[in-house]
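Here the numbering used here is used: the first residue of the sequence shown is 83, the next is one more, and so on. Don't be surprised by glycine CBs; every beta carbon is placed ideally from N, CA and C. These numbers were taken from a predicted model, which means no experiment stands behind them. Read through the structure below, which is laid out as structure tokens, and then see the notes.
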Amino acid sequence: MYDHVIDDGRLQFIEKLGEGAYGVVYRAVDLDSPTSSRNPDPKQYAVKVVLKAKPHSRHSRLQRSEIAAHRRLSAHPNILTLHKVIEDGPYVYLVMDYCPGGDMFHHITERKTYGGRTELVKKVFVQILDAVQACHDQGIAHRDIKPDNVLCMNESGSRVVLADFGLSTSSERSATFGCGSPYYISPETIGADFEYRPYDAKVADVWSLGITLVNMIAGRNPWTSATMDDQCFLRSMTKPGYLQKMLPISGEAAAILHRIFTYDPRLRITIPDLRNAILKVKTFFMTGEELAKSDRFAQIAARSYFQKYYSPTAEDYEEMVVLEQAEFGRPENLVEALVVESPTNVFKLVDRIGSPGMPPMTNSDSDSDAESTGPITPARNAVESDALDEVPPLNDGEDMDAPIMPATTKKRRERPFVSLVHLMERFAL
């Protein structure tokens with residue numbers, strides 16, 4: 083079935099890795115790559131097949147800009163390499179590195195690769211930091227940093243690359259709100275608590291890096307939404323040490339996260355400073371003695387993450403609901419923030435999980451079983467396109483793609499920055 087070839091017969095499709103609302107990803111082999119008795123396997127690639135946007139449309143400009151951004155960045159060792167773009171008929175083929183280790187989401191949720199392994203966390207997280215800094219150095223904000231957009235080049239999860247530039251932007255200030263994946267976006271990106279003022283998307287990337295770090299070291303999310311309506315977020319912003327009450331993390335880790343999760347984006351730690359701080363960490367994790375004395379929230383999270391084959395039970399869920407009621411006076415759905423495996427193997431850390439080696443598929447927060455927008459049947463003789471090299475300029479304020487969450491553009495009023503003290507008074511804290 084998968085005998086389709088492209089690139090003048092050079093690349094042969096072997097299997098489908100995944101599909102989503104915007105295309106299909108195949109594993110392909112290079113039929114021209116040299117083989118020998120020592121290296122009998124031909125070189126493999128992941129090929130993303132997408133429907134070509136209508137000429138001269140906004141979607142066409144955005145599609146070309148995304149490709150141009152990825153091409154410009156892909157020479158970096160920690161950014162997924164885009165080897166070539168092939169255009170044929172109604173389809174565009176993006177030929178990228180094949181990542182046999184799958185995505186980081188898989189390593190966190192299923193394999194629990196990073197739990198309790200400080201040196202590995204440091205090694206991998208620094209690679210992500212370097213990739214994001216490379217984007218920023220080129221004037222590009224990623225805007226969708228999360229574990230399933232970090233792909234693993236090896237089975238051990240120790241060599242990673244950043245992928246999926248569908249939401250990236252080169253705008254100095256963004257007025258696209260709600261752009262990204264819900265657990266990972268910063269309060270200024272959500273916009274509601276900031277009077278919908280334009281924000282620096284590069285600084286917002288640092289926030290998403292912080293959530294990703296929490297995923298790696300605690301196996302869960304610190305809150306559901308970075309808004310003052312979320313009680314866990316509100317208390318994390320206003321009560322010193324609250325993160326350690328909820329998460330099984332060390333004091334060193336909590337101190338770094340405190341510098342990342344600054345409500346005022348102007349005070350947020352920079353990536354170079356964050357990199358230096360990460361490299362100095364002795365441990366990201368609580369000791370056994372500290373965990374024994376910690377809050378029950380942290381103990382449940384630790385048991386879920388650090389016991390490799392443990393999945394939270396119905397009793398855990400019931401206890402969490404009771405704890406939430408006692409802590410917040412209402413359920414806060416913290417169970418949904420735990421990394422748990424459902425009976426159908428769907429994990430609840432983020433909304434979607436990719437197949438091993440599968441580059442991110444979609445620019446929406448659709449479920450993993452979302453249908454593609456049309457049948458993708460690779461042409462047999464597609465060849466590399468030069469047309470996509472010429473990218474029309476975007477209009478002022480036009481981002482490289484539509485946001486994952488519906489964007490809201492409000493009429494903005496010039497007001498002073500909303501202080502945290504004011505918000506504490508507002509919520510009677």
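Problem - residue 312 to residue 203 span [Cα, whole Å] - result: 28 Å
Practice task
Would you tell me roughly how many angstroms separate the C-alpha atoms of residue 146 and residue 374, rounded to the nearest one?
Solution key: 54 Å
Practice task
Please go through the same chain and pick out, in chain order, the residues whose beta-carbon is closer than 8 Å to the beta-carbon of residue 216, but skip the five residues on each side of it.
Solution key: 155, 158, 160 and 161
Practice task
Using alpha carbons as the reference points, say which of 272, 363, 151 and 265 lies closest to residue 223.
Solution key: 151
Exercise for the section: Determine the contact status of residue 237 and residue 323, defining contact as a CB-CB distance below 8 Å. Expected result: no
Handout entry: With 16 other Cβ atoms within 10 Å as the buried cut-off, status of residue 148
Key = buried
Problem - Alpha-carbon spacing of residue 491 relative to residue 316, whole angstroms - result: Bear in mind that the predicted position of residue 491 carries a pLDDT of just 38, short of 50, making it unreliable; the figure below should be weighed with that in mind. Straight-line Cα distance between these residues: approximately 25 Å.
Exercise for the section: Assign residue 460 to buried or exposed, taking buried as 16 or more other Cβ atoms, counted over all protein chains shown, within 10 Å of its Cβ. Expected result: For residue 460, the predicted structure reports a pLDDT of 33, less than 50, and the residue's modelled location is therefore unreliable. The matter cannot be settled from this model.
Handout entry: For residue 279, three-class secondary structure by DSSP
Key = coil
Problem - DSSP state of residue 223 mapped onto helix, strand, coil - result: strand
Practice task
Locate the beta strand (DSSP E) running through residue 164, then write down its first and last residues.
Solution key: 164–170
Exercise for the section: Can you give me the start and stop residues for the alpha helix (DSSP H) that residue 382 sits inside? Expected result: 378–388
Problem - Where the alpha helix (DSSP H) through residue 335 begins and ends - result: 333–342
Handout entry: N- and C-terminal bounds of the beta strand (DSSP E) containing residue 228
Key = Per DSSP, residue 228 belongs to no beta strand (DSSP E) and is neither H nor E.
Handout entry: Burial state of residue 220, where buried means 16 or more other Cβ atoms lie within 10 Å
Key = exposed
Practice task
Would you mind stating whether residue 288 and residue 342 have Cβ atoms separated by less than 8 Å?
Solution key: yes
Practice task
Starting from residue 110, follow the beta strand (DSSP E) in both directions and report where the run begins and ends.
Solution key: 105–112
Handout entry: Coarse secondary structure for residue 311, derived from DSSP in three states
Key = coil
Practice task
For the stretch 291–305 and the stretch 188–200, state whether three or more C-beta atom pairs, one from each stretch, are separated by less than 8 Å.
Solution key: yes
Practice task
Run the CB neighbour count on residue 258, radius 10 Å, all protein chains shown included, and call it buried at 16 or more, exposed below.
Solution key: buried
Handout entry: Cβ shell of residue 92 (< 7 Å), same chain only, five flanking positions each side left out
Key = 112, 113 and 114
Handout entry: Beta-carbon proximity of residue 44 to residue 314, cut-off 8 Å
Key = No answer is possible for residue 44: it lies beyond the span of the chain, which begins at 83 and ends at 511.
Practice task
Would you kindly work out how many angstroms separate the C-alpha atoms of residue 175 and residue 372, rounded to a whole number?
Solution key: 52 Å
Handout entry: Assigned secondary structure, residue 367 (DSSP; H/G/I helix, E/B strand, else coil)
Key = strand
Practice task
Grab the span of the alpha helix (DSSP H) containing residue 362 for me, first residue to last.
Solution key: 353–362
Exercise for the section: Over the uninterrupted alpha helix (DSSP H) stretch that includes residue 272, give me the two end residues. Expected result: 269–272
Handout entry: Where the alpha helix (DSSP H) containing residue 148 begins and where it ends
Key = 140–155
Exercise for the section: Reducing DSSP to helix, strand and coil, say where residue 194 ends up. Expected result: coil
Handout entry: residue 324 - containing alpha helix (DSSP H), residue span
Key = 324–328
Problem - Three-pair Cβ contact test at 8 Å for the stretch 197–212 versus the stretch 346–365 - result: yes
Problem - Three-way DSSP call (helix, strand, coil) for residue 52 in this model - result: Absent from the structure is residue 52, since the part of the chain shown begins at 83 and ends at 511.
Handout entry: DSSP bridge partner residues for residue 285 (one or two, in chain order)
Key = In DSSP, residue 285 forms no bridge with anything.
Exercise for the section: Could you tell me if residue 233 is buried or exposed, where buried requires 16 or more neighbouring beta carbons within 10 angstroms of its beta carbon? Expected result: buried
Practice task
Mind checking which residues open and close the beta strand (DSSP E) that includes residue 96?
Solution key: 93–102
Exercise for the section: Find out if the Cβ-Cβ distance for the pair residue 211, residue 353 is shorter than 8 Å. Expected result: yes
Problem - Secondary structure of residue 185, DSSP reduced to three states - result: strand
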